[in-house]
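To start, the structure under review is shown below, and the notes come after it.
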Amino acid sequence: MPGTSAAKEEGFLYNNWYVAGWGTDLAPGERVGRTFLNQPVVLFRTQSGEVSALEDRCCHRALPLSFGMVEGERIRCSYHGLEFNTQGKCEKIPAQDKVPSTACVRRYPLVERDSLMWIWMGEPALADETAIPAHPWHANPRFRWKSFHYDIQGNWELMIENLMDLSHLPYIHAQTIGGNPELHFGIKTNSTRDGDVVRVSRHMPNSEPPPTYKTAKGFTGKVDRWQEIEFMPVLIRINTGACDADTGAYEGKREHGFSMVGFHGITPETETTTHYFWSVATDALADGVPEKVFQQTADTFREDQEVLELQQLRISAEPDRPLLDIASDVGSRQARQVLRRLMKAEREPGMVAA
Amino acid sequence: MPGTSAAKEEGFLYNNWYVAGWGTDLAPGERVGRTFLNQPVVLFRTQSGEVSALEDRCCHRALPLSFGMVEGERIRCSYHGLEFNTQGKCEKIPAQDKVPSTACVRRYPLVERDSLMWIWMGEPALADETAIPAHPWHANPRFRWKSFHYDIQGNWELMIENLMDLSHLPYIHAQTIGGNPELHFGIKTNSTRDGDVVRVSRHMPNSEPPPTYKTAKGFTGKVDRWQEIEFMPVLIRINTGACDADTGAYEGKREHGFSMVGFHGITPETETTTHYFWSVATDALADGVPEKVFQQTADTFREDQEVLELQQLRISAEPDRPLLDIASDVGSRQARQVLRRLMKAEREPGMVAA
Amino acid sequence: MPGTSAAKEEGFLYNNWYVAGWGTDLAPGERVGRTFLNQPVVLFRTQSGEVSALEDRCCHRALPLSFGMVEGERIRCSYHGLEFNTQGKCEKIPAQDKVPSTACVRRYPLVERDSLMWIWMGEPALADETAIPAHPWHANPRFRWKSFHYDIQGNWELMIENLMDLSHLPYIHAQTIGGNPELHFGIKTNSTRDGDVVRVSRHMPNSEPPPTYKTAKGFTGKVDRWQEIEFMPVLIRINTGACDADTGAYEGKREHGFSMVGFHGITPETETTTHYFWSVATDALADGVPEKVFQQTADTFREDQEVLELQQLRISAEPDRPLLDIASDVGSRQARQVLRRLMKAEREPGMVAA
Chain F
706 MPGTSAAKEE GFLYNNWYVA GWGTDLAPGE RVGRTFLNQP VVLFRTQSGE VSALEDRCCH
766 RALPLSFGMV EGERIRCSYH GLEFNTQGKC EKIPAQDKVP STACVRRYPL VERDSLMWIW
826 MGEPALADET AIPAHPWHAN PRFRWKSFHY DIQGNWELMI ENLMDLSHLP YIHAQTIGGN
886 PELHFGIKTN STRDGDVVRV SRHMPNSEPP PTYKTAKGFT GKVDRWQEIE FMPVLIRINT
946 GACDADTGAY EGKREHGFSM VGFHGITPET ETTTHYFWSV ATDALADGVP EKVFQQTADT
1006 FREDQEVLEL QQLRISAEPD RPLLDIASDV GSRQARQVLR RLMKAEREPG MVAA
Chain P
706 MPGTSAAKEE GFLYNNWYVA GWGTDLAPGE RVGRTFLNQP VVLFRTQSGE VSALEDRCCH
766 RALPLSFGMV EGERIRCSYH GLEFNTQGKC EKIPAQDKVP STACVRRYPL VERDSLMWIW
826 MGEPALADET AIPAHPWHAN PRFRWKSFHY DIQGNWELMI ENLMDLSHLP YIHAQTIGGN
886 PELHFGIKTN STRDGDVVRV SRHMPNSEPP PTYKTAKGFT GKVDRWQEIE FMPVLIRINT
946 GACDADTGAY EGKREHGFSM VGFHGITPET ETTTHYFWSV ATDALADGVP EKVFQQTADT
1006 FREDQEVLEL QQLRISAEPD RPLLDIASDV GSRQARQVLR RLMKAEREPG MVAA
Chain Y
706 MPGTSAAKEE GFLYNNWYVA GWGTDLAPGE RVGRTFLNQP VVLFRTQSGE VSALEDRCCH
766 RALPLSFGMV EGERIRCSYH GLEFNTQGKC EKIPAQDKVP STACVRRYPL VERDSLMWIW
826 MGEPALADET AIPAHPWHAN PRFRWKSFHY DIQGNWELMI ENLMDLSHLP YIHAQTIGGN
886 PELHFGIKTN STRDGDVVRV SRHMPNSEPP PTYKTAKGFT GKVDRWQEIE FMPVLIRINT
946 GACDADTGAY EGKREHGFSM VGFHGITPET ETTTHYFWSV ATDALADGVP EKVFQQTADT
1006 FREDQEVLEL QQLRISAEPD RPLLDIASDV GSRQARQVLR RLMKAEREPG MVAA
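Residue numbers (my numbering), protein chains in the order written: chain F, 706 to 1059; chain P, 706 to 1059; chain Y, 706 to 1059.
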């Protein structure tokens, strides 16, 4: 297989919905400052409950608005008291009577849905709310789930590569979810592409369930097991689980089995740092089981984080040096091709980029 | 009001007296290394009491002389024992008999006055000691005062802006000296310019004294209150206080009232860091009152420091992006104009800059 | 003496044997990641005892191999399980059947000798093992010795300068081995050059032994004392000691006296950081004496480290600014000339550099 370039710092895809945070991050009257795609943003929720994303830099003296306070339906700068509404328009300058129309900060489209806040960092006119991916597991009463936010010192595409190729499980996660390497390589991986969506799946029919599955759901015989990965820019969903063998798992009848659904929102912070907003949902609700799933997954992803940050050190030192693809990279290569195509398209003349 | 560029890193004004430190920083035989205008300087006091400022880099192997020791009237490098007098001339090289005339380090004019050490980082021939601003409050027996040295991670002009526009008081200092915002904006601000000196004053005649004023001086009725700011490159003096109403405060009769005089020596360390040498003097000498004034002022200025450092983060990210001026910026804009004119002048051909 | 340029960041000498570590750093099955001449290297010892130096970056996804594990005679990457032999050839890719010939990482020649691991960072074809300097004191039963590894935040040539000019002893090491400055400057220093080897020696015949010498060896009368420094690229050996006066010390009969032999392996890590692998050997074996020698030397070299790191700060700020040579720089100047000549030679067309 010819060598291909790894995730190097080739910039960002702007015209895209990214996860900006969890709805629970902001109670009414709260604000938080975060950087997305190199742009500082303040997220705040007004007293009436509306969320807003503005540039985190007062137009007067550049103080971050996130250092300020929410006052009713506005955010107030803590330096000289300028107040901005949820659209970024300044509505009060204490030191003067009139507020000029130039007194404003950039607003970013922000939508709250499925307990997630989605932000659009590109051209506002292109922000189409219907394009926001749904994640109904966050509202499905059959599931329990938990949200997390990791700050990764690595490029966002390294995270995509990591999640699109689970052949790393027996090595990085040998002590947690890894299991036997031979089992992982004895089965076929299917990778398909449908528009901008890439799907990778591995099925293990009539196989021995791993110990954690037995604990979670009480399997006594063989199971039909699945690992299904779905990439869309820039989100990865990983659905894993098992049902008793020959009970319809591969035709979609899975409610009688055991499912874990991982949501992975991957939002570039800078070229070399990434917000990783993830959740895991499970339908194994027996006493203490969900808490174990949450804890084990959180530990596992910290192992991935360590790897990504070490990769970044080497890649930053020699960003143009090619890397070697291997067979299991098929899914991540397809995802990268989707991203390259979209990023190239939005930079072409006629496209309005950020 | 048209947008103007904020304090961006446009360099330094070299031919100017700057505060290098407090006289009490150096006992005989002591030395300290500090950077001013990007140049490393060692300040030391000889055994006989003379102070000197030399380049903090031995001409032999570049070791900082501040790592060495004062020996009598010289400073000795700790690596190979070279000794330099207060003029920067090497007078001893242990390893050889003769000292070549090239063995010397740069000397900076340094003057000790009013408990302050003033340094001249520009062309030495232009250093005129009579141009050093006097600050007689440090020797006035009616006052007690205390000195401070803060290291600010922000550009020096941000500090000037901060002090020239006290309309930030009700916002940054809401918990300390801020008080009621409405009071601050209900009064007129006068700004005048006299050569390189900019003065901003606000008078609050026949007003209710703030609680701290009552505590400090026991006012029982209305007072004539003042806030007077004086900028000269690069120093700001802030005189605030009050007298019983109609007792002559605005004609200069203030000895029967309550005065606080702030001295603010603003010395660039680098483009993005600043030495802030400040003192506050008060004539309210009742038991415990000066200590309260010192502590409250120190706390207040830490709040300003936090703001400046956050501003610097945003400005460093986009140094050329314009900012918006508002009405209360009148004083700081005038100060900036003075600085721009002086900086431009010293860069013109014919002027010998550093 | 004309001013000469100090150790500035002029790059590295590649075609040269450098100390990569101590043999005791690696037990069978262990690995460690280190950077030499800006190149990340993993050193590992296989289960059978062979040592190997490979590029510390997997060719697949750039993860440092030092984050992996030694498996038998190979090192395995911890991300997707690729295994490399001691020559850098990949012999296993778990996710696929065949291993392409492009799957390999760079190997660096590595030789273990005299308890040292020597690495060749330049053109492998030029690596001649017979050119590795011998250091028989590490295997001489008359001596006891101890090894150390300091990480210096300074350019490698600053360390050479430091060791080639011991006239710094009375200043930096006044509290430890320094002693009386006058004694150091009252004697003649000889500096000679023999090919790429520079030797500096100072003899103190019929002199009073310093207190530590008396303690170590029980001298009661005058001694013939020596300080002999030997530089070869890039290693410095310092032999100091004394014998009873007129007993043949200067003709090489020294076994009846007191000797300390310092080995100083100076390996650039980056332009501004250095691996300092050093040992000290002594033939004063009386109870507790070697331990005192080791501890005192370790403390002394920490003093040098502090100086070098402060020098580096000043030199990094103005790398092109000339420095002044003094009489005692004769040895370091000769060493620098050797290095400049070798570095220039290996950059010429026809020479294959790294």
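Even for Gly, the Cβ is constructed at its ideal location relative to N, Cα and C.
Just so you know, these numbers come straight off a predicted model, no measurement behind them.
Inclusion of T740/P and E974/P in the CB contact set at 7 Å is warranted, their separation being smaller than that value.
When DSSP assignments are scanned along the region 762-828 of chain P, the uninterrupted stretches of beta strand (DSSP E) that are 3 or more residues long and fall wholly within it turn out to be 774-776, 779-781, 795-797, 815-818 and 821-825.
For Q1016/Y, the nearest CB of chain P lies under 7 Å from its own CB, placing it at the interface with that chain. Cα atoms of D1009/Y and H785/P: separation of roughly 12 Å, rounded to the nearest angstrom. Counted as a single uninterrupted DSSP element, the stretch harbouring Y719/Y is not any alpha helix (DSSP H), since DSSP gives it neither H nor E.
Shown in chain order are the members of the region 1007-1039 of chain F whose Cβ falls below 7 Å from a Cβ of chain Y: V1012, L1015, Q1016, R1019, I1020, L1028, L1029, I1031, A1032 and S1033. Within the DSSP bridge table, the entry for R898/F names V903/F as partners. Fully contained in the region 975-999 of chain Y are the following beta strand (DSSP E) runs of length 3 or more, in chain order: 978-987. Judged by pairs of C-beta atoms under 8 Å, the region 843-859 of chain Y touches the region 976-985 of chain Y, as three or more such pairs exist. Where T835/F is concerned, there is no enclosing beta strand (DSSP E), because DSSP gives it neither an H nor an E. Our two residues, Q1042/P and S872/P, have alpha carbons roughly 20 Å apart in a direct line.
Its Cα nearest to that of R762/Y, the residue V737/Y stands out among G754/Y, V737/Y, E778/Y and V756/Y. The shortest C-alpha to C-alpha distance from G726/F to any of A767/F, V746/F and R904/F is the one to V746/F.
Secondary structure at N845/F: coil, using DSSP grouped into helix, strand and coil. Linking Q744/P to D901/Y through their CA atoms gives a straight-line distance of about 39 Å.
With a 10 Å radius around the Cβ and a threshold of 16 neighbouring Cβ atoms, S964/P comes out buried. Against chain P, the CB of G786/F has a partner CB under 7 Å away; the residue lies at that interface. Annotated as distal: F772/P and I780/P, with beta-carbon spacing of 7 Å or more.
Relative to E935/Y, the option among N944/Y, L1029/Y, V994/Y and P1027/Y whose CA is nearest is N944/Y. With respect to chain Y, the C-beta atom of S984/F has no partner C-beta closer than 7 Å. Residues of the region 760-785 of chain Y that bring their beta carbon within less than 7 Å of a beta carbon in chain F comprise R762, C764, H765, R766, A767, L768, P769, F772, S783, Y784 and H785, in sequence order. Distance from the Cα of A832/Y is smallest, within the candidate group H840/Y, V928/Y and W823/Y, for W823/Y.
Nearest in C-alpha terms to T835/P, of all of N721/P, V1012/P, I971/P and S1021/P, is N721/P.
Residues of the same chain with a CB within less than 6 Å of the CB of M1048/Y, apart from the 5 flanking positions on each side, are L718 in chain order. Here D1004/F carries a helix assignment [DSSP, helix/strand/coil]. Taken through DSSP and simplified to helix, strand or coil, E1023/F comes out as coil. Just so you know, the alpha carbons of L1029/P and V928/P end up roughly 36 Å apart.
For I798/F, the C-beta contacts it makes with chain P under 8 Å involve I1031 and A1032, in order along the chain.
Under the Cβ criterion of 7 Å, Y981/F is not counted among the residues facing chain Y. For the pair V1035/Y and S783/P, the Cα-to-Cα distance works out to about 20 Å. Here A732/Y is exposed. Its C-beta has fewer than 16 other C-beta atoms within 10 Å. In this model, D802/Y and R1052/F are separated by some 40 Å (Cα to Cα).
Checking the DSSP bridge columns, you'll see D1009/P has no partner listed. Taking CB atoms only, S912/Y has no neighbour in chain P less than 7 Å away. Short of 6 Å from the beta carbon of L821/F, and not among the five residues preceding or following it, lie these beta carbons of its own chain, in chain order: V724. For Q801/P, the neighbours in chain Y by C-beta distance under 7 Å run, in chain order, I1031 and A1032.
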